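Count the sequence shown with mature numbering (1 follows the signal peptide of the UniProt record, and there is no 0) and you get residues -28 to -1, 1 to 149, in order.
All C-beta atoms, glycine included, are put in the ideal place defined by N, C-alpha and C.
What you are looking at is a predicted structure, and each value in this text was computed from that prediction instead of being measured.
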Amino acid sequence: MQSNPRTPRPHVLALALAGALATGAVLAETGTVLKDSPVLKEPMGSAEVLAQLSARETVEITARQGAWAGVTTPAGVAGWTRVLNLRTGSGLPGNDGGGSLVAAFRTGSSSNAVSTGVKGLSADQLMNASANTAEVALLDSFAANPGQAQQFAAQAPLSAQKVNYLEEGRGGRRRQR
């Protein structure tokens, strides 16, 4: 009986599955707590505190969401803490258990320098956003009218300065390309 060359062989599938599982284990990231920090139930500052992390404690980083990292403590408590309170890796030079190799593929760098960026709003939050007219009205109430501005300037004492508009085509110091 001849096998179809397009049908994957069972041992090839088992080898691929084992490789995928091993890669997942290598990609699990550890972190060192930089300063005492709470473990929160959700990735928000007002969430319930589940536990307290001590400085230099090691945690497993399981997820990232904006400025928050999902962590699991050695005691098994899972929750969220701020990314800026963590250092990835063991914190000891040359003792990262191969994490530098993984970091090179993940970030393009094998150094310990960290840069954290927070985008703030998700696409769903932007799509479902609506104006808060009460807050806009409150903001408008803070504006000074010209008379109030002149009175304030006279108390300083400030004097009016006339500033001409820039000529068309002269956008500032930068060269136009």
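- With fewer than 16 other CB atoms across the displayed protein chains lying within 10 angstroms of its CB, residue 18 is exposed.
- In the three-state DSSP reduction, residue 48 falls in the coil class, being neither helix nor strand.
- Around the beta carbon of residue 25, 16 or more other beta carbons sit within 10 angstroms, so the residue counts as buried.
- Assigned with DSSP and collapsed to three states, residue 41 falls in strand.
- Assigned with DSSP and collapsed to three states, residue 6 falls in coil, not helix or strand.
- For residue 51 against residue 23, the beta-carbon gap comes to about 7 Å, under 8 Å, which counts as contact.
- In the displayed model, residue 35 falls within a strand according to three-state DSSP.
- The region 91 to 124 contains, as complete alpha helix (DSSP H) runs of 4+ residues, the segments 95 to 99 and 105 to 113 (chain order).
- Judged by DSSP in its simplified three-state form, residue 11 adopts strand.
- With respect to the C-alpha of residue 4, the residue from 126, 57 and 95 having the closest C-alpha is 57.
- A straight line joining the alpha-carbon of residue 31 with that of residue 117 spans about 55 Å.
- Contact between residue 60 and residue 1 holds, since their C-beta atoms are separated by about 6 Å, short of 8 Å.
- Note on geometry: alpha-carbon atoms of residue 38 and residue 138 lie some 41 Å from one another.
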